[in-house]
Every structure is written in structure tokens, then in C-alpha cells.
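Every letter in the sequence shown is one number past the one before it in the working numbering, and letter 103, counting from 1, is 169. Quick reminder that beta carbons are idealized off the backbone N, C-alpha and C, glycines included.
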Amino acid sequence: MQLQDLQLDTPSKRGIKLADKSTIKPKGGTAFIIDVGDIYGPQWFSVLPGMSNDLILGMDSWITFKVIIDSFAQTWTLADSRCVYNLSKITSASAQLLSLSTIDSKRLHEFLDIEFKKFDRESTGKTDLIEHVIELNGYTPHREKPRPRSELIRKIISIELLKKGYIVRSNSEWACSPVIAPKANGGLRFCINYKPINRPNKKPAYSIHNMKYLNSIMQKSSRP
67 MQLQDLQLDT PSKRGIKLAD KSTIKPKGGT AFIIDVGDIY GPQWFSVLPG MSNDLILGMD
127 SWITFKVIID SFAQTWTLAD SRCVYNLSKI TSASAQLLSL STIDSKRLHE FLDIEFKKFD
187 RESTGKTDLI EHVIELNGYT PHREKPRPRS ELIRKIISIE LLKKGYIVRS NSEWACSPVI
247 APKANGGLRF CINYKPINRP NKKPAYSIHN MKYLNSIMQK SSRP
């Protein structure tokens, strides 16, 4: 295809906004039938001057083919497709289009490696901003014996929970045996019955107001 064969489109009139927030006016464009894995369909291509690659796919193509990105698994796919692709291919292609230097490319990959970890589904986080005190009626420790478990359950407790720091080894006089309960989706849930430990706790002396009393207080309040 020659440059004179390109057709003017709406983006040619208003320009296309790039990732660095600059606007560039395309030379024109044309429609092609493209296929990604087992999905194909028409897509408009715009030719942009000054880019390392003449053709670039924008958000309209993502919307047309319903691109789904899984940042946790670092893969992407199409809504109606059975094919799954590695996200690193997108990163590599984007780096070429933006003409990143070797140093900038390294900094970008290091930044993404750090940021992706913040959205780890398996991480629950922890905080030391809140302290809790439990008052007891007397001092009668309760300690349950470990229950018999299958090899699978022992691996979950010792490898997944202990290794990741969700639980720690302890010689406390107070202990309740954990129970691994099945989830509806086929997964497993780590549960502990703390009722034996909660029984000797001192009950709060203050009463909890009923809902009618709380509503009556709210009615007397006024908006600022």
C-alpha cells in the first residue's frame, strides 16, 4: 500500500493522543481484516509520522476485540478467544514503539516488577498500628491437641501458611487447632474455632444501645 492510498478518518482531523499526553496528527489510515489467535475481524489502522513503527494499535482496537489483561498472571487474551498470550510480549512491543533507551527500559521493568507485587492476590498484608488487650476471668489456659490431618493439609499449613508468614511457630499455653474447610469454588479455607479461648474472657460492662435509640440521636443532628 502506498501513502496516497490512505483514507482520511475522524482521528486525522482531531489528532491522536499518545501515552506521553502529546497529540500527533496521522497521515491517514485504512481498514484491514486482522486475526489474533482464533479471533478475527476488521480494524482501522492509522499511520503516524515520527514513530519507530508506522502502524500502532490504540484503545479502539482493545475495545473492538475485548482485550482482557491479567496483571497478576501477566497474560492477556480476548473475551471470545481460547488463546492466552504472555504479557511480556506487550511490554517488549511497547518499548519499541516508545523508543526507550536501555537504561529507561531497565528502570521500567524494575518498576513494573515492584508494582505488580503490590497487587498480589495471595498477600494479605499486616500492620502494627492497632493493639488489642484481652482480659480474662482467672487464669486457666486452654490448649488443644493437634488433629490428624492428611498430607495435603500438612503441606498447606507448613508450606503455604508458615512459609509466607501468615502463621508462626508458638509454644503458648493457649492454642486452638486449625481446621481446613473446603470452599464452594473448590479451594480451601484456613479456619480456627476460638470459642474455647473466648469463654473465660471478661464480658464488657457497658451495654450496646438499640437501633431506636441510635436513630433518635441521629434525628437531632443537622447537616453542616
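| Check | Outcome |
| --- | --- |
| Every unbroken beta strand (DSSP E) inside the segment 201–253 [3 residues or more] | 244–248 |
| Under the three-state DSSP convention, the category Phe-256 falls into | strand |
| 8 Å Cβ shell around Ile-12 - same chain, five flanking residues per side excluded | With the chain running from 67 to 290 in the structure shown, residue 12 is simply not present. |
| Cα-Cα separation, Arg-265 to Ser-171 | 59 Å |
| Own chain, CB closer than 6 Å to His-275, minus 5 neighbours either side, in chain order | none |
| Opposing strand residues paired with Asp-56 [DSSP bridges] | Outside the shown range of the chain, which is 67 to 290, sits residue 56, and nothing can be said about it. |
| Burial state of Pro-244 (16 or more Cβ within 10 Å) | buried |
| Nearest-angstrom Cα separation, counted from Asn-251 out to Ser-147 | 23 Å |
| Simplified DSSP state of Lys-269, which is helix, strand or coil | coil |
| Given His-208 as reference, the closest of Ser-273, Ala-247, Arg-215, Ser-238 once Cα atoms are compared | Ser-238 |
| Beta bridge counterpart(s) of Asn-152 as assigned by DSSP | Thr-141 |
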